[in-house]
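Undergrad: The structure is given below, and queries will be raised subsequently.
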Amino acid sequence: MVNPPAISFHDLTLGYGKHAVLRHLEASVPRGALLAVVGANGTGKSTLLKALMGELKPMSGSIHLQGFGWRDLAYLPQRVALEQNFPMDVHDCVAMGLWRQVGVFGGVSPAQEHKITDALATVGMGGMQHSTLSRLSGGQMQRVLFARLLLQDAPVILLDEPFNAIDTNTTLDLLKLIQHWHQQGRTVLTVLHDWGLVRQYFPATLWLTDGQAVYGNTAKVLGQQSERWVA
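In short: position in the sequence shown from 1, add 1, done, that's our numbering.
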């Protein structure tokens, strides 16, 4: 039995100015899907996630969140140095994941403090609450950002190149967390460039290429596109 859709794209065209980078996407992502979004640079992978978050308006077509609103989405964009250089400690960065519950200026309750502690322990950063972000390695920073995602407790999670420039151990630990989200029935869309990780961990793939898209079982999609490139 196929799960009902979490996200549907109908004749979706996305781009910047008058330049379209993704054209006429027609696909439905089932609830609970663990989906890799792949393709060459400039094919619209990050653009698609931005459109899902409402940061980019479609040039044409539509995106439908089936039974969800934007508050039900947790988004991890590509990490930039600016965020890590911001004068903030690990605790406050992770606590930002609670903003939908406490507001921008709300205080954190004792119960929520426990959630912060538990989230940091889950990602292997226990006892690091008072470390400043600028002192963290790239892998440690990514663990902190995943802890923040944990606190958002969203049914739909969007990850843009979450394993870029981090160590293998961190990648494997965070993949375990993504698999746990999948087992919980959450819908996870992850932009990736590593085919090995896609084949091993992601059952479904959305391949963006030449302004078009191919969607389906990972082995079938990657096999078709490999043959296309060879041909």
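In this text, a Cβ means the ideal position worked out from N, Cα and C, and glycines have one as well.
(1) State the Cα-Cα distance for the pair residue 62 and residue 45, rounded to the nearest angstrom.
(2) Give the list of continuous beta strand (DSSP E) stretches no shorter than 3 residues that lie fully inside the segment 31-73.
(3) Spell out the partners DSSP gives residue 99 in its beta bridges.
(4) Near residue 16, what residues of its chain come up, given a Cβ to Cβ distance below 6 Å and the 5 sequence neighbours on each side ignored?
(5) Could you round the C-beta distance between residue 189 and residue 158 to whole angstroms and report it? I think they count as a contact, below 8 Å.
(6) Inspect the beta-carbon positions of residue 147 and residue 178 and report whether they are closer than 8 Å.
(7) Excluding sequence positions up to five away, which residues of its chain have a Cβ less than 7 Å from the Cβ of residue 141?
(8) Near residue 218, which residues of its chain fall below 8 Å by C-beta distance, leaving aside the five closest residues on each side in sequence?
(9) Which parts of the segment 149-190 are runs of the alpha helix (DSSP H), unbroken and 4 residues or longer, counting only runs that do not cross its ends?
(10) Would you kindly check if the distance between the Cβ of residue 163 and the Cβ of residue 191 is under 8 Å?
(11) Near residue 231, which residues of its chain fall below 7 Å by C-beta distance, leaving aside the five closest residues on each side in sequence?
(12) Could you tell me the boundaries of the alpha helix (DSSP H) in which residue 133 lies?
(13) Return the first residue and the last residue of the beta strand (DSSP E) that residue 217 is part of.
(14) Can you name the start and end residues of the beta strand (DSSP E) that residue 12 belongs to?
TA: Let me spell this out:
(1) 15 Å
(2) 35-40, 61-66
(3) Residue 99 is not bridged to any residue.
(4) Within the same chain, Cβ atoms closer than 6 Å to the Cβ of residue 16 are found at 22, 60, the five residues on either side in sequence being excluded.
(5) 5 Å
(6) Taking C-beta atoms as the reference points, residue 147 and residue 178 count as a pair closer than 8 Å.
(7) 126
(8) Closer than 8 Å at the Cβ level, and outside the excluded window around residue 218, lie 204, 205, 206.
(9) Complete alpha helix (DSSP H) runs here, min 4: 169-184.
(10) Contact: yes.
(11) Because residue 231 carries a pLDDT of 37, less than 50, the predicted location of this residue cannot be relied on, and no value is offered for it.
(12) That residue, residue 133, is in no alpha helix (DSSP H); it is neither H nor E in DSSP.
(13) 213-218
(14) 6-17
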